[in-house]
Structures are given as C-alpha cells and as structure tokens.
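Peer 1: The number in the numbering used here is simply the position in the sequence shown, starting from 1, with 1 added. We treat Cβ as the ideally placed atom computed from N, Cα and C, and that holds for glycine. For clarity, every value in this text was computed on a predicted model and none was experimentally measured.
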Amino acid sequence: MNYTYLLINLAVIFFPLVLSFDKKVHFFSKWKFVLPSILITGLVFLIWDVLFTKLNVWSFNPDYLIGINLLGLPLEEILFFLTVPYACVFIYECLNAYFPKNDLQKYSLALSNLFLGLCVAILFFGYNRWYTLINFGFLFMVLAYVEYVNVAFRFMYKFYRAYLVSLIPFYIVNGFLTSIPVVMYNDKQNLGFRVGTIPFEDHFYLMGLLLMNIYLYEVFKSKGGKSQA
Numbered sequence: 002m003n004y005t006y007l008l009i010n011l012a013v014i015f016f017p018l019v020l021s022f023d024k025k026v027h028f029f030s031k032w033k034f035v036l037p038s039i040l041i042t043g044l045v046f047l048i049w050d051v052l053f054t055k056l057n058v059w060s061f062n063p064d065y066l067i068g069i070n071l072l073g074l075p076l077e078e079i080l081f082f083l084t085v086p087y088a089c090v091f092i093y094e095c096l097n098a099y100f101p102k103n104d105l106q107k108y109s110l111a112l113s114n115l116f117l118g119l120c121v122a123i124l125f126f127g128y129n130r131w132y133t134l135i136n137f138g139f140l141f142m143v144l145a146y147v148e149y150v151n152v153a154f155r156f157m158y159k160f161y162r163a164y165l166v167s168l169i170p171f172y173i174v175n176g177f178l179t180s181i182p183v184v185m186y187n188d189k190q191n192l193g194f195r196v197g198t199i200p201f202e203d204h205f206y207l208m209g210l211l212l213m214n215i216y217l218y219e220v221f222k223s224k225g226g227k228s229q230a
C-alpha cells in the first residue's frame with residue numbers, strides 16, 4: 002500500500018500530539034524548546050540519510066511510499082525525523098513528570114562508560130562498514146561530549162530511562178519498517194546481525210538520535226528559563 006510509511010509516521014505522533022495538552026506534563030508549553038531541537042538534529046541526520054541512500058547503505062521500497070521525494074529521500078523518511086523525536090521527547094517529559102524519582106541516577110555514569118566502551122569495541126571490528134562506522138562514531142562523540150565535556154546538564158539518568166521505554170515503540174515501528182520491508186538495508190554495510198528483522202545498529206541509531214534531541218532540548222529549556230528569570 003502506497004500510504005504505509007506515511008501511516009506509520011502518523012501513528013507514531015498521533016497519541017503524543019493529542020496527549021501534549023495533558024495538565025500534568027503540559028508538553029505543548031515546551032514546544033518552543035522541542036521544535037528547534039528536532040529541526041537541528043533532523044538536519045544532521047538528514048545529511049547522514051542522504052549520504053547513506055547514495056552509498057546504498059539502505060534504500061526505500063517504492064511500493065509503500067506516496068512517491069514524493071526531496072533531496073533524494075522519500076517525504077515519509079523526512080517526516081520520520083519529526084515524528085519519532087517528538088514522540089521520544091514526549092516520553093522523556095512524561096516519565097519526568099509522573100515518575101520524578103529515578104534510581105538510575107547513581108548508575109548513569111557507569112552506563113555511559115559501558116556504552117562508550119561498546120562503541121570503541123564495535124568500531125574496532127566494524128570500521129569498514131559505513132553504517133557501523135558512522136553510527137557508533139557519532140554516538141561515541143555525542144555521548145562523550147555530553148558526559149565529559151559539557152557537564153552543565155546532568156540529565157543522562159533521565160535519558161537512559163526514556164531510551165529504555167522508547168525501545169518498546171521502537172520495536173513495533175522498526176519491526177514494521179524492516180519486516181514489510183519499507184526500509185531495506187545493505188548488510189555489507191552493517192554488522193549483519195539482526196534482532197528479528199531489525200539491524201543491531203538501529204538500536205544505537207535511536208540512542209544517538211534521542212540523545213542529541215534531548216541534549217538540545219535541555220539546553221534550550223535551560224536558556225529559556227534564564228531569560229524569563
């Protein structure tokens with residue numbers, strides 16, 4: 002069906018958008034911080050996406066697309082970088098509002114070090130595959146910067162909780178995209194290991210995408226709070 006990828010995008014954002022007016026979370030009041038975060042991160046990932054499409058790291062099945070292309074990418078793929086980050090930042094804010102107590106705080110640095118070590122190990126073995134190289138290289142740089150360079154914002158314990166919860170819709174959405182398939186991966190450019198039909202790298206692609214969005218969101222929110230003081 003030509004509307005498959007578009008419908009998946011709409012399904013991803015529907016409930017987060019409707020529930021943005023929840024009285025406790027009041028997410029709509031934070032749109033001025035969310036939207037620039039999504040747009041800046043989306044631009045970075047779109048450049049990456051255009052490059053990977055040209056290098057045949059992945060491709061898109063025209064049977065499930067409406068046929069509108071921009072910069073060589075299906076319109077639905079561009080919308081993906083709006084709908085998925087919005088939904089994930091919404092999850093992040095909901096968890097913070099409804100469950101302010103977070104026991105991950107004392108383990109967040111250890112988790113970050115674990116993921117940094119994992120990035121180094123995978124880069125050592127997979128440096129000759131485009132998806133593996135760029136994906137884990139990007140995650141390493143962003144994670145190291147957030148955790149060890151710009152230490153003004155201590156939010157990683159909240160980030161890891163949101164990431165874990167976001168994996169639930171991730172498996173549903175990405176499961177559809179990779180099993181139909183809407184998005185087709187060239188296994189010569191990744192590790193060739195999949196969880197079901199989902200490439201192993203996709204889990205950390207989500208982590209990098211979510212981390213950059215939430216970092217920028219926290220930065221803009223902090224600056225917005227100071228300007229109102």
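#1: Indicate whether the contact test is met: 3 or more Cβ pairs, each with one atom in the stretch 121-128 and one in the stretch 86-101, closer than 8 Å.
#2: Relative to the C-alpha of Lys102, which residue among Val196, Tyr158, Ile215 is closest?
#3: If we count the other Cβ atoms within 10 Å of its Cβ and call it buried at 16 or more, is Lys224 buried or exposed?
#4: Check whether the Cβ atoms of Val19 and Thr84 lie closer than 7 Å to each other.
#5: At 4 residues or longer, what runs of the alpha helix (DSSP H) sit wholly inside the stretch 50-114?
#6: State the DSSP-derived secondary structure class of Tyr4, mapped to helix, strand or coil.
#7: Would you identify the three-state DSSP class for Pro170, choosing helix, strand or coil?
#8: Cβ atoms of Tyr216 and Asn136: under 7 Å apart, would you say?
#9: Once DSSP output is grouped into helix, strand and coil, what is the label at Ile181?
#10: State yes or no: is the C-beta of Asn214 within less than 7 Å of the C-beta of Ser21?
#11: Taking C-alpha atoms, which residue in Phe160, Leu72, Tyr93, Leu192 lies nearest to Leu112?
#12: Taking all protein chains shown into account, do 16 or more other C-beta atoms lie within 10 angstroms of the C-beta of Gly68, making it buried, or fewer, making it exposed?
#13: Select from Ala145, Arg155, Phe139 the residue whose C-alpha is nearest the C-alpha of Glu202.
#14: Do the CB positions of Pro170 and Phe91 come within less than 7 Å of each other?
#15: Nearest-angstrom Cα distance between Leu117 and Tyr218?
#16: Considering Leu134, what are the terminal residues of the alpha helix (DSSP H) in which it resides?
#17: Who are the near neighbours of Gln229 in its chain, counting only those whose CB is closer than 6 Å to its CB and skipping five residues on each side?
#18: Just list the residues that DSSP pairs Val220 with in beta bridges.
#19: Contact between the stretch 185-198 and the stretch 53-60 is defined here as three or more beta-carbon pairs at a separation below 8 Å; is this criterion met?
#20: Are the beta-carbon atoms belonging to Glu77 and Leu168 less than 7 Å from one another?
#21: Compare the C-alpha of Pro63 against each of Leu110, Arg162, Val183, Leu36 and name the closest.
#22: Just mark Asn175 as buried or exposed, buried being the case when its beta carbon has 16 or more other beta carbons within 10 Å.
Peer 2: To lay it out plainly:
#1: no
#2: Tyr158
#3: exposed
#4: no
#5: 76-99
#6: coil
#7: helix
#8: no
#9: coil
#10: no
#11: Phe160
#12: exposed
#13: Phe139
#14: no
#15: 22 Å
#16: 131-145
#17: Annotation note: pLDDT 47 at Gln229 (below 50); position unreliable, coordinate value reported separately. Closer than 6 Å at Cβ, skipping near neighbours: no residue.
#18: BP columns for Val220 are empty, so no partner.
#19: yes
#20: no
#21: Val183
#22: buried
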